[in-house]
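Structure, as structure tokens:
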Amino acid sequence: MARDLLGKVLVYDDPHGRRAARLVEVEAYHGPRDPASHAHRGPTPRAAVMFGAPGHAYVYLSHGVWPCMNVVAHLPGVPGAVLLRGAEPVVGLGGDPRRLAGPGLLARAFGLRTADTGADLVRSPLHLRDAPAVAARDVARGPRIGIAPSVTSERAWRLWIRGSPGVSRR
DNA sequence: CGAATGATCCGA
DNA sequence: CGGATCATTCGA
């Protein structure tokens, strides 16, 4: 579930060192029943990873410039993923949370490429570290960003940690 | 508000 | 194979 990702720490170890950030904003995409999901049109080469095992990365390129990272997460047989939209720096990412406020900024700060698609987020250099659950009163939710209102109006699938400076600004 | 910038998908 | 689309960002 998307809200379980809030508060978890995304870690990327590469030859340059470790980068880590605490996730403070995510959006859920629900697969074939969700027209906004890249999995909506079936297992195309790009979206195929979302039809596989949960806990893997799906990184796509937005507008030719911005890598955006998702965590494949779904119930058996129902493709879906969670877009990472905002985070707070923990290690190796500087001190300004606004540099991680937005899916493109976040994935770029980690140096992610579309080739990172498929990474096992439990065992690979790119992984998620568990963290205590965020209290319900600290979690806010609203409509997803950049999606036609007709699609998303009744689906408040964007979740964020109230008051965090790592939440994307609008 | 519009440009940047390229992978992806669909229709022909 | 060509054109439209895009889960975005930044600067004028």
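For the record, in the first sequence the residue sitting at position 133 is 131 according to this note's numbering, with numbers rising by one throughout. All C-beta atoms in this analysis are idealised placements derived from N, C-alpha and C, irrespective of residue type, glycine included.
So what does DSSP say about residue i, is it helix, strand or coil?
i           : result
residue 165 : coil
residue 100 : coil
residue 85  : strand
residue 16  : strand
residue 3   : helix
residue 128 : coil
residue 118 : strand
In terms of residue numbering, what span does the beta strand (DSSP E) encompassing residue i cover?
i           : result
residue 140 : 137 to 140
residue 156 : 156 to 159
Between the Cα of residue i and the Cα atoms of the options, which residue gives the shortest distance?
i           : options          : result
residue 121 : 3, 2, 8, -1      : 8
residue 124 : 12, 6, 3, 46     : 12
residue 118 : 14, 47, 40       : 47
residue 3   : 38, 128, 150, 98 : 128
residue 40  : 78, 165, 62, 133 : 78
residue 53  : 24, 161, 116, 38 : 116
Spatial neighbours of residue i within its chain, please: C-beta separation below 7 Å, excluding the five flanking residues on both sides.
i          : result
residue 76 : 29
residue 60 : 66, 102
residue 96 : 163
Leaving out the 5 sequence neighbours to the left and right, which residues in its chain are closer than 6 Å to residue i when beta-carbon positions are compared?
i          : result
residue 26 : 0, 80, 155
Going by beta carbon distance, what residues of the same chain come within less than 8 Å of residue i, once the five residues before and after it are set aside?
i           : result
residue 148 : none
residue 51  : 70
residue 112 : 57, 58, 59, 65
Ordered list of beta strand (DSSP E) runs contained in the segment 24 to 82, each at least 3 residues: With a minimum length of 3 residues, the continuous beta strand (DSSP E) runs that stay inside the segment 24 to 82 are 55 to 60, 64 to 70.
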